[in-house]
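First comes the structure, then the notes that go with it.
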Amino acid sequence: MLHSMSTTVEPSSERSAAEVNEEIRALWLRSGGTLSVEQREEYQRLVMEWAAAAPDSEQAA
2 MLHSMSTTVE PSSERSAAEV NEEIRALWLR SGGTLSVEQR EEYQRLVMEW
52 AAAAPDSEQA A
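All residue numbers for the sequence shown refer to the numbering used here, where the first residue is 2 and numbers rise by one.
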């Protein structure tokens with residue numbers, strides 16, 4: 002069975018790359034280093050959000 006995954010990032014809030022990175026690190030810590038299917042989906046969403054935020058964060062520095 003083929004699953005489609007949305008690749009669009011919904012900007013729920015304007016967070017910096019550092020804030021999103023901190024959430025990614027917390028996800029890995031909570032998971033103990035092994036992500037469940039749901040956690041992988043969250044991780045992918047967070048990485049997309051981080052990538053979208055990263056250029057703006059660098060310009061502000």
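Glycine included, C-beta positions come from ideal geometry on N, C-alpha and C.
Alpha-carbon spacing of residue i relative to residue j, whole angstroms
i: Q45; j: R16; result: 16 Å
i: I25; j: V48; result: 8 Å
i: A18; j: R41; result: 19 Å
i: N22; j: W51; result: 7 Å
i: E39; j: P56; result: 27 Å
i: G33; j: A27; result: 10 Å
Residue span of the alpha helix (DSSP H) that contains residue i, given as start and end
i: E23; result: A18 to S32
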